[in-house]
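**Student:** Sequence positions in the sequence shown follow this note's numbering and run 224 to 702. A virtual CB, placed ideally from N, CA and C, is assigned to each residue, including glycine. Quick one: the structure is below, questions incoming.
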Amino acid sequence: MSSSFEPQTPLEPLKYAFVLPGITPEAKQLSEHLLEKNHVEHNIFFNPKGFHNHLTHHYLSAYAMGANPERLQAIYDEHASYQRPLPPSVGELNRENYRSQIGNRDAYTSYRDMFQREINQHGMINTIRHWIYSDDLLARVMGGAYHPIIHIGYGVEFNLPALAAEGLAMMACTEARFADFIPQGQPANSQRVLSTARDMVSQLTTGFATRLNLGKPQSGDAPSASSLTAVDMDAALKDALNNNAVLDLAEEIRRDADFDDVVKYSDENKITAVLESKKAKDKLRTYLSRWSISETEQDVWEKLKELYTASMVIYGASAIRKQGIKLDFFLVHALTSIHAIHTLIPHLSYVESSKLLKAHAAATLTFFVSLGRPSLQLDLLLKFQSPEFDTKCNNPWLSLCDRAITAHEVHQIKAIHSLAVGQMLYAHDSPLAKAWIRVADLTLYVSDQEKKAGGADFWNRSGIGYDEDWEDTSRLVPY
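What follows is the structure, encoded as structure tokens:
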């Protein structure tokens, strides 16, 4: 049969954004009012510890799925009830003096106003491109459990420049936690032209090659995990490893005994333990150096596919064991942030895209180590089906989206939003085709159990890869 008869959907996958029918004039008008109200009234951090304001993430994910005005208002009211007001300005910031408050959450208002002026002058996309590659801001945009890049992604996806300004301000208020893996950019006050991909290809390896020893053979490299034949690797995972270099690296890291004494289950801040270990950082650099990206559109999009798919598998397949389900709080952000990167990449040069993908990979594999290098039970994931899964629906995704709209906790609908995009883009020709809907069902099954438990929080934050964590049944959801 001729390939002339193979349907091509979506027609422009590189620009695909997920939206369902149901957005009404009333919902659109309400949204403009409530999003502006959040912008002018609320801090981006809802407590002194720096926990992030998720109001817009929840709201816009529900809006894209066609939530009615009543549900949208309820989402707003629920989040607005615990937000803090905007902090007072610490003074006007600009390209010359912005470093004076870098990392200071109390400077959010001043940063937000600065980035809004930048956007007014240069446009949203050019402002994002200038700033996230300046100084150490690429490391900061991946900090805070990926929240700055997620927020910026929502701004671009829904064409909301003020939301992008909020995300850039959040970035400036966030620690550069992954700076050891992510190279510095040019100074923010430098006068530089935002080049096209063709102009920038010669710069591809200048930063990351130095940080990650790109292209240098490593005498101590372990064999590829896809070549391993250990009996504890399930058949589905072997198939996935043969098709995905990031999953291959994650599996090698899981088996690498050099990481065994880097983090303990009892460590209160496990990500800090990894980032303070020279041995762990050296090993991670070696692994990351093997994931190279060439200066072509095809390779950038192939590597995005690898990283998007790997983020889905690492989140979903680490969450299930025979005794039950535990969803990891940090790994779900790896998934929702790669969706944000999918949104941004069409606006970036090949070099910028490469840097952003490598930064995400560095953060994700660092979290993977900190969480105890969890095993990926892909066979169990692919067999999972919740009692609530609608087997009679012609398109189960429609039922899943409806369940997501009514889900109480914000991260579930964000995950479904990201999984729906990934399924549309990557599930048509993949051995992991069924995994996307299984992870969505798994996520919403836990949400349903939260409702039954009176709103209990089942997100796991203590290290999903440690056996001790699975012995603690307080956040274990049976199935």
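Is it the case that the stretch 335-348 contacts the stretch 385-396, given that we only count it when at least three CB pairs across the two stretches are under 8 Å?
**Tutor:** Output reads yes: the stretch 335-348 touches the stretch 385-396.
**Student:** By how many angstroms is the C-alpha of A643 removed from the C-alpha of W620?
**Tutor:** Residue 620 sits at position 397 when you count from the first residue of the sequence shown. Residue 643 sits at position 420 when you count from the first residue of the sequence shown. Each residue's Cα considered, the two are about 8 Å apart.
**Student:** Express the C-alpha separation of V633 and Q296 in angstroms, rounding to a whole number.
**Tutor:** Your numbering for residue 296 matches position 73 in the sequence shown. Your numbering for residue 633 matches position 410 in the sequence shown. Computed Cα separation, rounded: 14 Å.
**Student:** According to DSSP, is S517 helix, strand or coil?
**Tutor:** Along the sequence shown, read from residue 1 onward, the residue named residue 517 stands at position 294. The answer is coil: DSSP assigns S517 none of H, G, I, E or B.
**Student:** Who pairs with I548 in a beta bridge, going by DSSP?
**Tutor:** Working through the sequence shown from its first residue, we reach residue 548 at position 325. Paired residues: I543 and V700.
**Student:** What separation, rounded to the nearest whole angstrom, lies between the Cα atoms of W682 and A676?
**Tutor:** Residue 682 sits at position 459 when you count from the first residue of the sequence shown. Residue 676 sits at position 453 when you count from the first residue of the sequence shown. So the alpha carbons of these two residues sit roughly 13 Å apart.
**Student:** Compare the beta carbon distance of H281 and I636 with 8 Å and say whether it is the shorter of the two.
**Tutor:** Stepping through the sequence shown from its first residue, residue 281 is reached at position 58. Stepping through the sequence shown from its first residue, residue 636 is reached at position 413. Going by C-beta atoms, H281 is nearer than 8 Å to I636.
**Student:** To the nearest angstrom, how far is the alpha carbon of A445 from that of E475?
**Tutor:** Position 222 of the sequence shown, counted from the first residue, corresponds to residue 445. Position 252 of the sequence shown, counted from the first residue, corresponds to residue 475. Residue confidence for A445 is low, a pLDDT of 47 falling below 50, so the modelled location carries little weight and cannot support an answer.
**Student:** Residues in the same chain with beta-carbon distance under 8 Å from F274, minus the five sequence neighbours each way, listed in chain order, please.
**Tutor:** Counted from its first residue, the sequence shown places residue 274 at position 51. Correct list, in chain order: F268.
**Student:** Which word fits L299, buried or exposed, when buried means at least 16 other C-beta atoms lie within 10 angstroms of its C-beta?
**Tutor:** Counting from one through the sequence shown, the residue named residue 299 turns up at place 76. In the sequence on display, residue 299 carries Tyr and not Leu. The residue in question, Y299, is buried, as its Cβ has 16 or more Cβ neighbours within 10 Å.
**Student:** In three-state DSSP terms, what is Q407?
**Tutor:** As a first step, residue 407 must be located in the sequence shown, where it is residue number 184. DSSP places Q407 in coil when its eight states are reduced to three.
**Student:** With H, G and I counted as helix, E and B as strand and the rest as coil, what does DSSP make of H265?
**Tutor:** Indexing the sequence shown from 1 puts residue 265 at position 42. H265: strand per DSSP, three-state reduction.
**Student:** Can you tell which of A463, T397 and S622 has the C-alpha that lies nearest to the C-alpha of R363?
**Tutor:** Along the sequence shown, read from residue 1 onward, the residue named residue 363 stands at position 140. If we check each option's Cα against that of R363, T397 comes out closest.
**Student:** Have a look at K251, K615 and D329 and flag the residue whose alpha-carbon is nearest the alpha-carbon of N270.
**Tutor:** If you number the sequence shown from 1, residue 270 lands on position 47. For the residues K251, K615 and D329, the minimum Cα distance to N270 belongs to D329.
**Student:** Rounded to whole angstroms, what's the CA-CA distance from V669 to R684? Just pull it up for me.
**Tutor:** Here residue 669 refers to the residue found at position 446 of the sequence shown. Here residue 684 refers to the residue found at position 461 of the sequence shown. Those two C-alpha atoms are separated by around 15 Å.
**Student:** Could you pull out every residue in the same chain whose Cβ sits closer than 6 Å to the Cβ of F590, ignoring the five residues on either side in sequence?
**Tutor:** Counting from 1 along the sequence shown, the entry for residue 590 is found at position 367. Result list for F590: F553, in chain order.
**Student:** Taking the beta carbon of V592 as the centre, do at least 16 other beta carbons fall within 10 Å, making it buried, or is it exposed?
**Tutor:** For this step, residue 592 is matched to residue 369 along the sequence shown. Buried, by the Cβ-count rule.
**Student:** To the nearest angstrom, report how far apart Q252 and D625 are at their CA atoms.
**Tutor:** Walking along the sequence shown from the start, residue 252 turns up at place 29. Walking along the sequence shown from the start, residue 625 turns up at place 402. Cα to Cα, Q252 sits roughly 22 Å from D625.
**Student:** Helix or strand or just coil, what does DSSP make of N349?
**Tutor:** Here residue 349 is taken as the residue at index 126 of the sequence shown, counted from 1. Residue state, collapsed to three classes: helix.
**Student:** In angstroms, rounded to a whole number, what distance separates the CA positions of Q672 and H302?
**Tutor:** Within the sequence shown, the letter at position 449 stands for residue 672. Within the sequence shown, the letter at position 79 stands for residue 302. Looking at the two C-alpha atoms, the distance is approximately 21 Å.
**Student:** With contact counted as at least three CB pairs below 8 Å, one residue from each stretch, are the stretch 499-512 and the stretch 546-565 in contact?
**Tutor:** No contact exists between the stretch 499-512 and the stretch 546-565.
**Student:** When DSSP labels each residue in this structure, what does P248 get in the three-state scheme?
**Tutor:** Residue mapping note: residue 248 aligns to position 25 of the sequence shown, counting from 1. P248 falls in the helix class under three-state DSSP.
**Student:** Looking only at C-alpha atoms, which of N327, R307, E264 and W514 sits nearest to A468?
**Tutor:** On the sequence shown, position 245 is the one that residue 468 refers to. Measuring from the Cα of A468, the nearest candidate turns out to be W514.
**Student:** Return the residue from the list A402, A392 and A584 that minimises the CA-CA distance to Y531.
**Tutor:** By 1-based counting over the sequence shown, the position of residue 531 is 308. It is A584 whose Cα lies nearest to the Cα of Y531.
**Student:** What would DSSP say about Q371, mapped onto helix, strand or coil?
**Tutor:** As a first step, residue 371 must be located in the sequence shown, where it is residue number 148. First, the residue type needs correcting, since residue 371 is Pro and not Gln in the sequence shown. Of the three classes helix, strand and coil, the one that applies to P371 here is helix, per DSSP.
**Student:** Could you tell me the boundaries of the alpha helix (DSSP H) in which S622 lies?
**Tutor:** Here residue 622 refers to the residue found at position 399 when the sequence shown is read from its first residue. Counting along the chain, the alpha helix (DSSP H) containing S622 begins and ends at P619 to T629.
**Student:** Within 10 angstroms of its Cβ, does S323 collect 16 or more other Cβ (buried), or is it exposed?
**Tutor:** On the sequence shown, residue 323 is found 100 positions in, with the first residue counted as 1. Exposed, because fewer than 16 other Cβ atoms sit within 10 Å of the Cβ of S323.
**Student:** Just grab the DSSP bridge partners of V308 for me.
**Tutor:** Residue mapping note: residue 308 aligns to position 85 of the sequence shown, counting from 1. Before going on, a small fix: residue 308 reads as Pro here, not Val. Answer is H265.
**Student:** Please identify the residue among S560, I687, P310 and S641 whose C-alpha is closest to the C-alpha of Q600.
**Tutor:** Numbered from its first residue, the sequence shown carries residue 600 at position 377. Nearest C-alpha to Q600: I687.
**Student:** Taking one C-beta from the stretch 349-369 and one from the stretch 246-263 each time, how about it: are there three or more such pairs within less than 8 Å?
**Tutor:** Contact between the stretch 349-369 and the stretch 246-263 is absent, because fewer than three Cβ pairs lie under 8 Å.
**Student:** So which of I660, I375, I325 and R294 has the shortest CA-CA distance to D613?
**Tutor:** Here residue 613 is taken as the residue at index 390 of the sequence shown, counted from 1. Among I660, I375, I325 and R294, the Cα nearest to that of D613 belongs to I660.
**Student:** Comparing alpha-carbon positions, which option in P701, G245 and V662 lies nearest P292?
**Tutor:** Position 69 of the sequence shown, counted from the start, is the residue given in the question as residue 292. Comparing Cα positions, the closest option is G245.
**Student:** Find out if the Cβ-Cβ distance for the pair P720, M347 is shorter than 8 Å.
**Tutor:** A query on residue 720 cannot be resolved here, the shown segment of the chain reaching from 224 to 702 and no further.
**Student:** For R596 and F404, what's the separation of their Cα atoms in angstroms?
**Tutor:** Here residue 596 refers to the residue found at position 373 of the sequence shown. Here residue 404 refers to the residue found at position 181 of the sequence shown. Spanning the two alpha carbons is a distance of roughly 19 Å.
**Student:** Smallest Cα separation from L605: which of A630, I564 and G539?
**Tutor:** Residue mapping note: residue 605 aligns to position 382 of the sequence shown, counting from 1. Selected option, being the one with the closest Cα: G539.
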